[in-house]
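One structure is given here, and the rest of the page talks about it.
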Amino acid sequence: MRKGRDIGSVVFFTVVGIIALFIGAMMFFPQQMSHFFHFRHYVVISNSMEPVINVNDAVIVQKVEPSSLNVGDIITFKMNIDEDEDEEYVTHYIAEIENDKFRTKPNISNSWDRWIVPSEKIEGKVVLVIPKIGALLILMYNNAVPLLLVANALVIITIIRVYFDKDEKEADES
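If you want it as C-alpha cells, here you go:
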C-alpha cells in the first residue's frame, strides 16, 4: 500500500515540477519558448475585432508561411500604427493579398486599415481565442516574481509536509 502511495507522490511532484518549470520559462523566456513550440499568445487590448475577439481575450498565434494565408484569415502582425517609434502587435482580418503584402481590416468596420503589412511583419495566424483570460495573464506578467515566490513556497511546504507525514506514519507503524 505504501509503495503505491510513494510512486503516486513521485509522479505528482514530477508533474507539478514540470508544470512549474514550463510556467516559469513562459514568463521569463517567452520568445525562446514561442520559437520552441511555434505558438505565441497575445492579449487583446482594443475593441477592433469585437465581437469575434474581445478586449482581454487571449489569442494563440501559430507561426505560418505567409504564402499559406488567405483572405479572411485572422493574423497578428507588428506595425507602427501610431507613427511613433514603437511597433505594436495588431490582430486583424486579411482583406487582400498582393505580392507578399497584406491589407488588413478590423471587424468593427468595413474600412481597410491604412497600412500595408509586408510578410516579414506577420507573427502568425490566430488559431485559438481564449475568452477573458487576458486580464489574468497581464496580472501574472506584471507580478511574475511574487507569484513565482508564492508558488515555490507552496511547493516547498507541500514537499516538507509529505516528507514529515511519511516519517510520522513510519514511526507509528514501528
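Per the numbering used here, the sequence shown starts with residue 53, numbered consecutively. Beta carbons are placed, not taken as given, at the ideal position from N, Cα and C, and that holds for glycine. Computed from a predicted structure; not experimentally measured.
- In the three-state reduction of the DSSP assignment, LEU200 falls in the helix class, which pools H, G and I.
- Selection ALA110, VAL96, PRO118 evaluated against GLU175 yields PRO118 as nearest (Cα-Cα).
- The alpha-carbon separation between GLU150 and PHE74 amounts to approximately 39 Å.
- When rounded, the separation of the alpha-carbon atoms in PHE91 and GLU102 is 23 Å.
- VAL179 is not a Cβ neighbour of ILE97, given a cutoff of 9 Å.
- In this structure, the straight-line span from the alpha carbon of ILE127 to that of HIS144 is close to 6 Å.
- Listed in chain order, the alpha helix (DSSP H) runs fully inside the region 92-135 amount to none, counting runs of at least 4 residues.
- In the three-state DSSP reduction, ILE174 falls in the strand class (E or B).
- Between the alpha carbons of ASP109 and ASP217 lies a distance of about 43 Å.
- Per the C-alpha coordinates, the member of ILE59, PHE80, VAL95, ILE71 positioned closest to VAL181 is VAL95.
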